[in-house]
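In the UniProt record's numbering, the protein residues as written are 1 to 87.
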């Protein structure tokens, strides 16, 4: 996989977390919510790379479908149908 292009824009927003090694507890050491750009609407968070996670059960189902030579678009449609039906 190729590395992602650098998309820094000089935004000052940041969060720094500290982990206390002796207790294994963590806390926010520094937080700055000052952005110099528009923030993505929450409706689109699922499109972000780090929000796209496939659980083990779904991955097993996808792999089983691929072994039967099912096309990716057909697999996607099957999952979309399951989600719409609330399965």
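Glycine included, every Cβ here is placed at the ideal spot set by N, Cα and C.
According to DSSP, is residue i helix, strand or coil?
i          : result
residue 21 : coil
Taking the alpha helix (DSSP H) that residue i belongs to, which residues open and close that run?
i          : result
residue 63 : 56 to 67
residue 80 : 72 to 85
Using 8 Å for Cβ pairs, my map puts residue i next to residue j. What's the rounded Cβ distance?
i          : j          : result
residue 75 : residue 65 : 5 Å
residue 12 : residue 36 : 7 Å
residue 15 : residue 28 : 6 Å
Let me check understanding here. Comparing Cα to Cα, which of the options lies closest to residue i?
i          : options      : result
residue 34 : 67, 9 and 72 : 9
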